[in-house]
Ligand SMILES: C[S@@+](CC[C@H](N)C(=O)[O-])C[C@H]1O[C@@H](n2cnc3c(N)ncnc32)[C@H](O)[C@@H]1O
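In my numbering, the protein residues as written are 1 to 250.
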């Protein structure tokens, strides 16, 4: 896979990690509501580690997997700086394999939309189910089809970031036949007053219907507890929700 390579720098230096940092702030409230006290967490597609680090700071034992060596290098550096212990592995989420089990699995910020085949989504859910303890929870988000289409049509080309040293443009497209959104990212990074570095990556995200996600979860052996369009306020899902959050149990 050729994503989150050079873009890892733009991701980690931007606002993106704030998303999962915020989730780590309110997740303990959800645990309390569910009377759930996870000791061990597997963060699937952990990226540059922000969520894993925040949860480790709260006393959980956190393992993170990601396909990108660059994101994992940043995660290791950040964990060292924050003085927390993380167990990080370069691993494709479609091929999860651990000898140990986890009380909680998570996956944030559209990471699961990077899976472009429904059979792979099913395999990923099965893999996660296999490394969860009985009654363990899997909590995750995904972009909806509605949002991927809207993003591509309403914001076909956007200046994502313009600072004194980074200029980043995103061009979006949507393939209706395969329900795949493409994000063509181009970034320029200034180095010693010259725009010497150019970063180009194309990211692809697939949208799945709620029924498809539910079916894959069921086949993987999960029991659905809830799904919402906003995890923090537990807002009910509607056809115009941008994101869906699932809470499911093994
Ligand atoms: C939008 S980032 C989210 C990172 C992190 N979860 C967060 O909330 O900041 C998506 C992440 O998914 C990872 N990813 C995409 N496809 C993957 C795969 N097949 N296996 C493992 N990681 C994958 C990318 O490398 C990237 O780090």
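Backbone N, C-alpha and C fix where the C-beta goes; we use that ideal spot for every residue, glycine too.
Predicted, not measured: the structure shown is a model, and the values here were computed from it.
Status (buried if at least 16 other CB within 10 Å, exposed otherwise) for residue i
i, result
"residue 29", "exposed"
"residue 157", "exposed"
"residue 297", "For residue 297 there is no data in the structure shown, the boundaries of the chain being 1 and 250."
"residue 63", "buried"
"residue 135", "exposed"
"residue 67", "buried"
"residue 155", "exposed"
"residue 1", "exposed"
"residue 235", "exposed"
"residue 148", "buried"
"residue 163", "exposed"
"residue 111", "buried"
"residue 206", "buried"
Simplified DSSP assignment, three categories, for residue i
i, result
"residue 19", "helix"
"residue 127", "helix"
"residue 121", "helix"
"residue 135", "strand"
"residue 12", "helix"
"residue 107", "strand"
"residue 255", "This structure gives no information on residue 255, because the portion of the chain shown stretches from 1 to 250."
"residue 199", "strand"
"residue 37", "coil"
"residue 31", "helix"
"residue 188", "strand"
"residue 212", "helix"
"residue 95", "helix"
"residue 173", "strand"
"residue 235", "strand"
"residue 116", "coil"
"residue 76", "helix"
"residue 62", "strand"
Given residue i as reference, the closest of the options once Cα atoms are compared
i, options, result
"residue 173", "55, 192, 202, 233", "202"
"residue 9", "242, 26, 73", "73"
"residue 176", "163, 236, 208, 27", "208"
"residue 101", "56, 51, 41", "41"
"residue 125", "98, 145, 93, 143", "93"
"residue 27", "6, 39, 55, 13", "55"
"residue 166", "116, 113, 141, 198", "198"
"residue 61", "240, 87, 150", "87"
"residue 144", "246, 6, 22, 20", "246"
Close beta carbons around residue i, own chain, < 6 Å, minus the five adjacent residues each side
i, result
"residue 119", "none"
"residue 152", "172, 173, 174, 181"
"residue 169", "159, 186"
Contacts around residue i, its chain only, beta-carbon distance under 8 Å, and the 5 residues preceding and following it disregarded
i, result
"residue 129", "138, 220, 221, 222, 250"
"residue 11", "4, 17, 47, 48, 71"
Nonlocal neighbours in the same chain, by C-beta distance under 7 Å from residue i, ignoring five residues either side
i, result
"residue 24", "51, 54, 55"
"residue 132", "101, 102, 105, 138, 250"
"residue 225", "247, 248, 249"
Measuring CB atoms only, is the stretch 78-92 touching the stretch 103-118, in the sense that at least three cross pairs come out at less than 8 Å?
no
Hey, is the stretch 182-195 in contact with the stretch 207-218, meaning 3+ C-beta pairs nearer than 8 Å?
no
Using 8 Å as the Cβ pair cut-off and three pairs as the minimum, do the stretch 20-36 and the stretch 82-100 touch?
no
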